[in-house]
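Visitor: Okay, handing you the structure first.
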Amino acid sequence: MRAIVFIISVFISGNAFCQYLPADMRQELKGNISHATTTVYYQYPDGIERQDIVVFDKQGHFTKAMFYDTAKKISSDVTFQFDKSNRLISFKQYHGKIMEAKTVNYYNALDQVNVQYLYLYQGGYPNSRFRLTKYFFTYNKANQVIKIYADQYGVDIRPYNQYFTYNASGQKLTNFKEAYALNSAQNRTYAYNKNGDLIQTISTDPDAPIHLSDTVKYEYTGYDKAGNWLKKQDFHISAGKKEPGDITIRKVVYFKK
Numbered sequence: 003m004r005a006i007v008f009i010i011s012v013f014i015s016g017n018a019f020c021q022y023l024p025a026d027m028r029q030e031l032k033g034n035i036s037h038a039t040t041t042v043y044y045q046y047p048d049g050i051e052r053q054d055i056v057v058f059d060k061q062g063h064f065t066k067a068m069f070y071d072t073a074k075k076i077s078s079d080v081t082f083q084f085d086k087s088n089r090l091i092s093f094k095q096y097h098g099k100i101m102e103a104k105t106v107n108y109y110n111a112l113d114q115v116n117v118q119y120l121y122l123y124q125g126g127y128p129n130s131r132f133r134l135t136k137y138f139f140t141y142n143k144a145n146q147v148i149k150i151y152a153d154q155y156g157v158d159i160r161p162y163n164q165y166f167t168y169n170a171s172g173q174k175l176t177n178f179k180e181a182y183a184l185n186s187a188q189n190r191t192y193a194y195n196k197n198g199d200l201i202q203t204i205s206t207d208p209d210a211p212i213h214l215s216d217t218v219k220y221e222y223t224g225y226d227k228a229g230n231w232l233k234k235q236d237f238h239i240s241a242g243k244k245e246p247g248d249i250t251i252r253k254v255v256y257f258k259k
């Protein structure tokens with residue numbers, strides 16, 4: 003699959019907009035998937051924190067995504083637009099019938115997204131007030147994003163560089179964010195199991211007023227026949243102790259052969 007970059011809210015971390023590659027968006031899902039439902043519980047099985055549904059066509063393209071944040075009572079739908087070359091050229095996020103955000107991709111001669119515009123509308127489109135963020139991408143010879151430069155226009159201007167490294171299997175190893183305006187540097191490292199699933203993240207921010215160091219481990223207790231995990235438990239490591247966090251249940255539906 004082409005290395006196109008995906009930005010969306012509430013998919014991973016609430017309303018924060020971040021960059022995601024298609025592999026991140028697919029949550030490492032394997033096989034010809036029709037749709038996948040991910041439910042995150044802060045207290046299993048009754049306390050649902052959020053639920054995400056991602057829908058694909060038989061070619062593996064996104065057709066729709068739906069997200070519901072139970073804590074904030076926010077429901078979002080995302081629609082996608084592809085060009086004749088099956089490149090994702092734009093996607094829009096709606097709250098009800100109101101468009102809250104729009105992302106537009108621009109490709110280079112290698113079919114890589116080299117520039118991306120993110121519009122965040124205040125009060126919904128077509129409100130004249132919006133925040134525009136431009137992302138500029140640099141790739142390595144393996145077609146992996148190794149650098150993102152983000153520049154915001156309008157209010158709260160906070161440009162930053164983000165750098166990535168990968169292992170021989172193409173898995174992301176490090177994510178280093180350098181924010182100029184905030185005079186801070188944030189670093190995150192990743193570890194994986196033999197199945198390719200993420201088992202640990204370590205986040206540090208040495209420039210924070212209180213030195214930040216956060217370790218999260220992930221344990222998997224169920225897989226389907228395609229090798230996709232079905233249950234995940236998060237643990238935060240504090241003072242050498244494992245503190246249980248969210249439990250994630252995933253239901254994966256495949257196209258019939």
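Positions 3 to 259 (this note's numbering) are the ones given, in order, by the sequence shown. Where is the CB? At the ideal position from N, CA and C, for every residue including glycine. From a predicted model like this one, the values you see are computed outputs, not experimental measurements.
#1: If you check the beta carbons only, do T135 and K149 fall under 9 Å apart?
#2: My assumption, with CB atoms under 8 Å, is that N34 sits in contact with K60. Please give the rounded CB distance.
#3: Could you say which of E245, T176, D248, L120 lies nearest to Q154 if we only look at CA atoms?
#4: Please classify Q95 as buried or exposed, where buried requires at least 16 neighbouring CB atoms within 10 angstroms.
#5: Using DSSP with H/G/I as helix, E/B as strand and the rest coil, what is R190?
#6: On the criterion of 16 or more Cβ atoms from any shown chain inside 10 Å, does V254 qualify as buried, or is it exposed?
#7: Can you check which of these residues, V57, F58, T41, is closest to E51 by C-alpha distance?
#8: For A241, report the span of its beta strand (DSSP E) as first-last.
#9: Which residues does DSSP pair with Q61 in a beta bridge?
#10: Buried or exposed: which applies to S78, given that a residue is buried once 16 or more other Cβ atoms fall within 10 Å of its Cβ?
#11: Can you say whether Q118 is buried or exposed, counting buried as having 16 or more other CB atoms within 10 angstroms of its CB?
#12: Please state the DSSP three-state secondary structure of N88.
#13: Quick one: Cα of E221 to Cα of R131, how far?
#14: Is it buried or exposed, A228, if we count other Cβ atoms within 10 angstroms and call 16 or more buried?
#15: For E245, write down the residues that DSSP places opposite it in a beta bridge.
#16: Checking the sheet assignment: what are the DSSP bridge partners for G49?
#17: To the nearest angstrom, how far is it from the Cα of D216 to the Cα of Y192?
#18: For I91, which option in V115, H238, Q235 has the closest C-alpha, if you only look at C-alpha atoms?
#19: Rounded to whole angstroms, what's the CA-CA distance from T223 to T39? Just pull it up for me.
#20: Please report how far the alpha carbon of E102 lies from the alpha carbon of K196, in whole angstroms.
#21: Quick check: what's the CA-CA separation for N189 versus Q146?
#22: Would you report the Cα separation of S1 and F58, rounded to the nearest angstrom?
#23: Considering only residues of the same chain and omitting the five flanking positions on each side of I239, which have a CB-CB separation below 6 Å?
#24: What are the partner residues of T223, as DSSP defines its beta bridges?
Guide: Considering the structure as presented:
#1: Mapped onto the sequence shown, residue 135 falls at position 133. Mapped onto the sequence shown, residue 149 falls at position 147. The answer is no: Cβ separation not under 9 Å.
#2: Along the sequence shown, read from residue 1 onward, the residue named residue 34 stands at position 32. Along the sequence shown, read from residue 1 onward, the residue named residue 60 stands at position 58. Yes, they are in contact, since the Cβ atoms of N34 and K60 sit about 7 Å apart, within 8 Å.
#3: Taking the sequence shown and counting its residues from 1, the one referred to as residue 154 is at position 152. The residue with the shortest Cα to Cα distance from Q154 is L120.
#4: For the purposes of this step, residue 95 is taken as the residue at position 93 of the sequence shown. Buried, because 16 or more other Cβ atoms sit within 10 Å of the Cβ of Q95.
#5: Locating residue 190 in the sequence shown gives position 188, where the first residue counts as 1. Note: R190 maps to strand in three-state DSSP.
#6: If you number the sequence shown from 1, residue 254 lands on position 252. Classification of V254: buried, given that the 10 Å Cβ count is 16 or more.
#7: Position 49 of the sequence shown holds residue 51. Nearest of V57, F58, T41 to E51, Cα basis: T41.
#8: Taking the first residue of the sequence shown as position 1, residue 241 is located at position 239. Counting along the chain, A241 falls outside any beta strand (DSSP E), and DSSP gives it neither H nor E.
#9: Counting from one through the sequence shown, the residue named residue 61 turns up at place 59. Its beta-bridge partners do not exist; DSSP assigns none.
#10: Taking the sequence shown and counting its residues from 1, the one referred to as residue 78 is at position 76. S78 should be labelled buried.
#11: Numbered from its first residue, the sequence shown carries residue 118 at position 116. Result: buried.
#12: Within the sequence shown, the letter at position 86 stands for residue 88. Looking at N88 - three-state DSSP - the assignment turns out to be coil, as it is neither helix nor strand.
#13: Translated into the one-based positions of the sequence shown, residue 221 becomes position 219. Translated into the one-based positions of the sequence shown, residue 131 becomes position 129. One C-alpha to the other measures close to 43 Å.
#14: As a first step, residue 228 is located in the sequence shown; it is residue number 226 there, counting from the start. Under this definition A228 is an exposed residue.
#15: Residue numbering aside, residue 245 sits at position 243 when the sequence shown is read from its first letter. H238, per the DSSP bridge assignment.
#16: Indexing the sequence shown from 1 puts residue 49 at position 47. Answer is Q45, bridged to G49.
#17: Indexing the sequence shown from 1 puts residue 216 at position 214. Indexing the sequence shown from 1 puts residue 192 at position 190. Distance between the alpha carbons of D216 and Y192 is about 12 Å.
#18: Within the sequence shown, numbered from 1, the residue matching residue 91 stands at position 89. The candidate whose alpha carbon is nearest that of I91 is V115.
#19: Along the sequence shown, one-based indexing puts residue 223 at 221. Along the sequence shown, one-based indexing puts residue 39 at 37. Those two C-alpha atoms are separated by around 17 Å.
#20: Your numbering for residue 102 matches position 100 in the sequence shown. Your numbering for residue 196 matches position 194 in the sequence shown. Computed Cα separation, rounded: 39 Å.
#21: Within the sequence shown, the letter at position 187 stands for residue 189. Within the sequence shown, the letter at position 144 stands for residue 146. In a straight line, the C-alpha of N189 is about 19 Å away from that of Q146.
#22: Coverage of the chain is limited to positions 3 through 259, which leaves residue 1 absent and any answer about it impossible.
#23: Sequence index remark: in the sequence shown, residue 239 carries index 237 (1-based). Excluding sequence neighbours, I239 sits near T217.
#24: Position 221 of the sequence shown, counted from the first residue, corresponds to residue 223. None; T223 has no bridge partner.
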